[in-house]
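Its first residue numbered 491, the sequence shown is counted upward by one per residue in our numbering. Beta carbons are placed, not taken as given, at the ideal position from N, Cα and C, and that holds for glycine. Reviewing the structure listed below.
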Amino acid sequence: MASLGRIQAETAAVMPSNTSASMFGGAGGRGSRVSVASLEGLRNVLRNETEKDSAPAAAKAKPAAAPAPAPAAQPAAPGDDKQTLRGLNDRLSGYLGRVRQLEKENGDLQKQIDEILAKRKAPEGRDWDKVEKPLDDLKKQIKDLTLDNAKLLLQIDNTNLANDDFKEKLEDEKKARKELEKDVEDLKKTIEDTKLNVKQTQKEVDLVKEEIKRLEDEHKEEVDALREKIKDSVVRVEIDSQNSNLAEMLNKIRGQYEKLAKKNLKETEDWYQSKFDHIKVEEAQTNEAFISGKTELKDLLKQKQTLEIKIQSMHSMNHNLEETLKASKIEYGQRLAPLNKLIMDLQRELKEVRAEVERLVENNKNLLCVKMKLEAEIDNYQQLILGMTAEPERPAKA
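Structure representation (structure tokens):
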């Protein structure tokens, strides 16, 4: 319909005023009828239409070249009128077919537009659940990511605090380890001294035993010698025969010597027994101290081994925490890099703005100075002008 209207308009514009042209064509009709008062006018109309249809192709082929002016219409021979009319009818049929096709496409497009508008107007035309579902999923993902980020930040803070606590514990354990090692060294020295004391005491015990044995032998020899002397000795005693009893006297002397020997032996045995008891008490105390020191040394060695295991586990945990901290620093450094770049850009722009402001302030100061100088010069000129205008008036007054 648009092409047909354009043809009618151009025909009316091209045809002379003394001619009349009428075209009838239906988009849904089976035929077409053309009524032309002037064949030459219709030929000019169709020629102009053909040139307009072919103008875009010619413009694409030669965009720089100017369109050639249409040649003047030459009057056709009378014998070619039928052939010309036949060609014109064919071309007009083609145009009408094209118009019908365009109307059909226009109708299809109108139907699609009506369907779309009907869907938009109808409340059930758009399924908002399908639209909101991916949005809800995205919101949920954003919320989950935000929570994960907050959890990571909390874990990083907890890790830093735990790392500090473990460092303090590690320092305390190192101090305790040094103290335990010092105590172990002292106990080792005490054990060595105890062993030396035990050896010295054992030597003293052996010497005392040898001394006791030697004294017993000497005492036995002395007793035997005394017995031999008593046995071989001859005692002459002049007494009254009436009251003398030699056997009784010998028994008495023998009893005194035996009592004296028993007394000396008992005193010697008591002295050595007290000495041995004292040595045994010291030895028992030394053995008890040795056993307790040995037990304490075992306990300290166990504690040392346990502390070494704890220190090793703390070292590994500290290493893992440091690696996690480094990874977190790298990750957040990568996240903060664009922000740092933006901050640097803003700082640079701020410096430029400050420099520009300072420059403008300096220019303003210079302009203010120039203004003040100009005002001073203007005042001087005004005074000079006033003086020049006042001088000619003096003679007139005179």
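- Note on Tyr-585: 16 or more other CB atoms within 10 angstroms of its CB, so buried under the neighbour-count rule.
- Around the beta carbon of Leu-840, fewer than 16 other beta carbons lie within 10 angstroms, which makes this residue exposed.
- Distance from Leu-642 to Lys-794 at the Cβ level is roughly 39 Å; contact not present, criterion being Cβ atoms closer than 8 Å.
- Residue environment analysis places Val-589 among the buried positions, since at least 16 neighbouring C-beta atoms fall within 10 angstroms of its C-beta.
- With contacts defined by Cβ atoms closer than 8 Å, Thr-684 and Gly-783 form a contacting pair.
- With the rule of 3 Cβ pairs closer than 8 Å, the segment 693 to 705 counts as touching the segment 758 to 776.
- Looking only at Val-674, Glu-595, Arg-744, the smallest Cα-Cα distance to Glu-718 is reached by Arg-744.
- At a Cβ-Cβ threshold of 8 Å, Thr-636 and Leu-815 do not count as neighbours.
- If you draw a straight line from the Cα of Leu-811 to the Cα of Ile-632, it comes to about 28 Å.
- Using a Cβ distance threshold of 8 Å, Leu-651 and Met-804 do not count as a contacting pair.
- Rounded to the nearest angstrom, the gap between the Cα atoms of Glu-867 and Val-860 is 10 Å.
- If you check the CB distance, Leu-740 and His-709 do not come in under 8 Å.
- Runs of the alpha helix (DSSP H) spanning 4 or more residues and lying entirely within the segment 800 to 825 do not occur at all.
- Within the same chain, Cβ atoms closer than 6 Å to the Cβ of Ile-646 are found at Ser-818, the five residues on either side in sequence being excluded.
- Within the model, the alpha-carbon separation for Asp-714 versus Lys-689 is close to 37 Å.
- A straight line joining the alpha-carbon of Glu-821 with that of Leu-836 spans about 23 Å.
- Scanning Asp-598, Lys-672, Gly-587 for the CA closest to the CA of Leu-791 turns up Lys-672.
- With respect to Leu-677, Leu-787 sits close: the two C-beta atoms are nearer than 8 Å.
- Between Asn-687 and Thr-776, the C-beta spacing is below 8 Å.
- Straight through space, the alpha carbons of Gln-600 and Gly-823 are spaced by roughly 58 Å.
- Within the segment 639 to 692, no complete beta strand (DSSP E) segment of 3 residues or longer occurs.
- Asn-853 and Glu-846 have their C-alpha atoms roughly 10 Å apart.
- The Cβ atoms of Ile-801 and Glu-663 sit closer than 8 Å to each other.
- Straight through space, the alpha carbons of Asp-598 and Leu-592 are spaced by roughly 10 Å.
- The residue from Leu-625, Glu-700, Gln-746 with its alpha-carbon nearest to that of Leu-716 is Gln-746.
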